[in-house]
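Participant:
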Amino acid sequence: MATFVVVPAWQGSGSSRAMRLIDGAEAIRGDLPSTATTVVDVPPEAGDSLDSGVNRLSSLRIIRERQDAVLRAATGPVITVGGGCSVELAAINAVLSANDDTCVLWFDAHPDLNTPESSPSGSFDGMVLRALLGGVQELAPKTPLSPERVIMIGARDVDQGEQDCLDDTGMRMLSVEDATPDAVIEAVAASGASKVYVHVDLDVLDPADIAGTDWAEPFGLPAATLVELIGAVKGKFGFSGGGITGFAPASSAHAVDDLGTILRILGALAR
7 MATFVVVPAW QGSGSSRAMR LIDGAEAIRG DLPSTATTVV DVPPEAGDSL DSGVNRLSSL
67 RIIRERQDAV LRAATGPVIT VGGGCSVELA AINAVLSAND DTCVLWFDAH PDLNTPESSP
127 SGSFDGMVLR ALLGGVQELA PKTPLSPERV IMIGARDVDQ GEQDCLDDTG MRMLSVEDAT
187 PDAVIEAVAA SGASKVYVHV DLDVLDPADI AGTDWAEPFG LPAATLVELI GAVKGKFGFS
247 GGGITGFAPA SSAHAVDDLG TILRILGALA R
């Protein structure tokens with residue numbers, strides 16, 4: 007049975023409305039089973055970059071330490087609920103430390119492959135996958151992820167520094183149009199992994215299916231397709247865990263409008 011770890015972290019976001027991520031995490035938490043859910047205490051302060059080029063680095067380090075402690079005590083697959091994409095640093099590193107036979111499916115409108123030097127904003131949410139690959143010294147993982155074990159799905163807004171990383175590593179990418187169950191299953195099989203970790207940033211979805219994101223991009227995945235893809239890969243491979251991030255509703259009323267879609271995605275991850 008999956009357990010849920012809710013991390014209402016906003017400090018990795020570059021949005022002027024970043025604190026809506028707290029509201030989004032709380033809205034999702036309200037529909038999770040309380041006996042299977044743990045909430046990580048996130049510091050209220052923004053934090054300092056410590057001259058690193060990573061905005062709010064001091065708070066991000068505190069959050070990672072607290073999240074690590076919760077993950078060490080968890081049993082079975084963990085589904086992490088953000089907050090922003092920064093929460094995947096601890097979540098995926100915990101999986102890799104326990105089992106390096108995992109391929110990460112990165113469902114996201116953005117690759118999140120910037121470094122402090124290439125980032126236009128200095129926001130860590132846009133660097134987290136690069137950090138998992140070992141490319142952000144200030145938040146280096148204990149067990150780096152191999153680019154051969156990453157499949158990028160649905161990315162459609164790529165910064166130049168991110169494109170350079172994609173070109174250098176040869177990381178596998180599937181466009182919205184190419185992301186079929188057979189294509190995703192083939193890509194995982196080609197990675198040699200026997201298990202998958204499924205990261206979902208809600209901005210991977212088409213804006214027609216989700217309103218509460220700060221970084222919406224047109225022509226995204228339909229929610230029904232995302233649910234189908236998750237089910238397909240889980241039917242063929244073991245499940246190491248998953249994460250859902252980026253829910254930033256404008257109000258509690260707007261949150262209700264999106265929760266049906268989000269809960270369908272969570273259901274696909276949890277079953």
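Per my numbering, numbering through the sequence shown is continuous, rising by one, with the last residue being 277.
In this text, a Cβ means the ideal position worked out from N, Cα and C, and glycines have one as well.
If we ignore side chains and look at the alpha-carbon of each, how far apart do V87 and D118 end up?
Facilitator: One-based indexing of the sequence shown puts residue 87 at position 81. One-based indexing of the sequence shown puts residue 118 at position 112. One C-alpha to the other measures close to 17 Å.
Participant: Check F10 in the structure and name its three-state DSSP category.
Facilitator: Counting from one through the sequence shown, the residue named residue 10 turns up at place 4. In this structure, F10 counts as strand in the three-state DSSP scheme.
Participant: Taking the continuous alpha helix (DSSP H) assigned at G237, which residues delimit it?
Facilitator: As a first step, residue 237 must be located in the sequence shown, where it is residue number 231. Its alpha helix (DSSP H) spans residues A229 to K242.
Participant: Who are L180's beta bridge partners in DSSP?
Facilitator: Here residue 180 refers to the residue found at position 174 of the sequence shown. Answer is I159, bridged to L180.
Participant: Which same chain residues end up closer than 8 Å to V190 when comparing Cβ atoms and leaving out the 5 residues on each side of it in sequence?
Facilitator: As a first step, residue 190 is located in the sequence shown; it is residue number 184 there, counting from the start. The answer, listed in chain order, is L111, I157, I159, L180, L235, A238 and V239.
Participant: Report back the beta-carbon spacing between S257 and K201 to the nearest angstrom; my notes put them in contact at under 8 Å.
Facilitator: By one-based count along the sequence shown, residue 257 stands at place 251. By one-based count along the sequence shown, residue 201 stands at place 195. Their Cβ separation, rounded to whole angstroms, is 38 Å, which puts S257 and K201 out of contact at 8 Å.
Participant: Taking the straight line between their C-alpha atoms, what separation do you get for S19 and T219?
Facilitator: Mapped onto the sequence shown, residue 19 falls at position 13. Mapped onto the sequence shown, residue 219 falls at position 213. Approximately 12 Å between the Cα atoms of the pair.
Participant: Where DSSP assigns a beta bridge to T108, which residues make up the other side?
Facilitator: Your numbering for residue 108 matches position 102 in the sequence shown. According to DSSP, T108 bridges with K201.
Participant: Measuring alpha carbon to alpha carbon, tell me which of M7, S22, L227 and T267 ends up nearest A80.
Facilitator: The residue you call residue 80 lines up with position 74 of the sequence shown. Closest option to A80, Cα to Cα, is M7.
Participant: Following the continuous alpha helix (DSSP H) through G88, name the residue where it begins and the one where it ends.
Facilitator: Numbered from its first residue, the sequence shown carries residue 88 at position 82. Note, G88: premise wrong, no alpha helix (DSSP H); beta strand (DSSP E) at V84 to G88.
Participant: Using CA coordinates, which residue listed in G266, G198, T267 and P228 is at the minimum distance from G244?
Facilitator: Here the question's residue 244 lines up with position 238 in the sequence shown. Among G266, G198, T267 and P228, the Cα nearest to that of G244 belongs to G198.
Participant: Which residue's Cα is closest to the Cα of S278: V60, A254 and A259?
Facilitator: As displayed, the chain neither begins before 7 nor continues past 277, which places residue 278 out of reach and without an answer.
Participant: Check whether the region 146-157 touches the region 90-106, taking contact to mean three or more Cβ pairs, one atom from each stretch, closer than 8 Å.
Facilitator: A contact exists between the region 146-157 and the region 90-106.
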